[in-house]
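Numbering (this note's numbering), first residue to last: 3 to 194.
Written below as structure tokens is the structure these notes are about.
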Amino acid sequence: MAVSLQAAVSNTLEPTIVATPTVAVVMGSDSDLPTLKPAVSALEDLGVHVEVRVLSAHRTPLEMMDFARHAKQLGFLVIIAGAGGAAHLPGMMASLTTLPVIGVPVKSRSLSGVDSLHSIVQMPGGIPVATVAIDGGLNAGLLAAQILAISDSSLSERLEEYRQQLHDMVVAKDARLKDLGVDAYLDVMSNS
Ligand code: AIR
Numbered sequence: 003m004a005v006s007l008q009a010a011v012s013n014t015l016e017p018t019i020v021a022t023p024t025v026a027v028v029m030g031s032d033s034d035l036p037t038l039k040p041a042v043s044a045l046e047d048l049g050v051h052v053e054v055r056v057l058s059a060h061r062t063p064l065e066m067m068d069f070a071r072h073a074k075q076l077g078f079l080v081i082i083a084g085a086g087g088a089a090h091l092p093g094m095m096a097s098l099t100t101l102p103v104i105g106v107p108v109k110s111r112s113l114s115g116v117d118s119l120h121s122i123v124q125m126p127g128g129i130p131v132a133t134v135a136i137d138g139g140l141n142a143g144l145l146a147a148q149i150l151a152i153s154d155s156s157l158s159e160r161l162e163e164y165r166q167q168l169h170d171m172v173v174a175k176d177a178r179l180k181d182l183g184v185d186a187y188l189d190v191m192s193n194s
């Protein structure tokens, strides 16, 4: 999907120019990148343009605000925001833009991501964040693609193909399990 090139107009920071951006994948720390990588890969595999940024609601609040306020002008259509612990990034981004925001709770060391999940999912009425599972980067990417596919029929077809591949994979596993039996199937699984 071609989106025209636009520069951000910012009072506080230098404008960022993004080439044909569609989905912004933002995270509170680079330590969140492994969780967000499946979102980036899924979108790129589906031919969707992605821009990836580290923006912390607590450590770089002004940069986070600037990006969220200008995301629409920059040409983004959907924002995926991942954070862990006191994970305020998705909600704060959602409060600053009417673009759809998909929140990804990142698994934290102390509380296994339940803190992140609760911080993201319990938004007040009026400011929605579509929250996926803890470490649900892949589904965030797919959900963003499904939102874009509403107005992009070729992307919609690629998503149908992806679903068909998922279906065929499970059917093949079922046939193999029937063929090998439980013990041999588990042996093959543990050796692969
Ligand atoms: N974080 C960063 N700024 C605000 C928050 N909530 C989160 C990051 C990361 C966690 O703090 O999203 O999941 C730990 O970050 P770090 O940089 O210490 O690894």
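We put the CB at the ideal spot given by N, CA and C, even for glycine.
Short note on Val-54: C-beta not closer than 8 angstroms to any heavy atom of ligand 1. For the region 16–99, the full-length beta strand (DSSP E) segments reaching 3 residues or more read 25–29, 52–56 and 80–86 along the chain. Ligand 1 has a heavy atom closer than 8 angstroms to the beta-carbon of Ser-118.
Put simply, the backbone Cα of Glu-65 is about 18 angstroms away from that of Gly-77. For Val-106, the secondary structure class from DSSP, reduced to helix, strand or coil, is strand. Cα atoms of Ser-118 and Gly-87: separation of roughly 5 angstroms, rounded to the nearest angstrom.
Judged by their CB atoms, Ala-41 and Ile-82 are nearer to each other than the 9 angstroms cut-off. A straight line joining the alpha-carbon of Val-56 with that of Asp-34 spans about 9 angstroms. For the 9 angstroms CB-CB criterion, Met-29 and Val-108 form a contact.
With a cut-off of 8 angstroms, the C-beta of Val-103 is classified as distant from ligand 1, since no heavy atom of the ligand falls inside that distance. Sequence-distant partners of Val-131 (beyond 5 residues in either direction) whose C-beta falls short of 7 angstroms from its own C-beta, in its chain, are Pro-92, Gly-93, Ala-96, Val-103, Gly-105, Ile-122 and Met-125.
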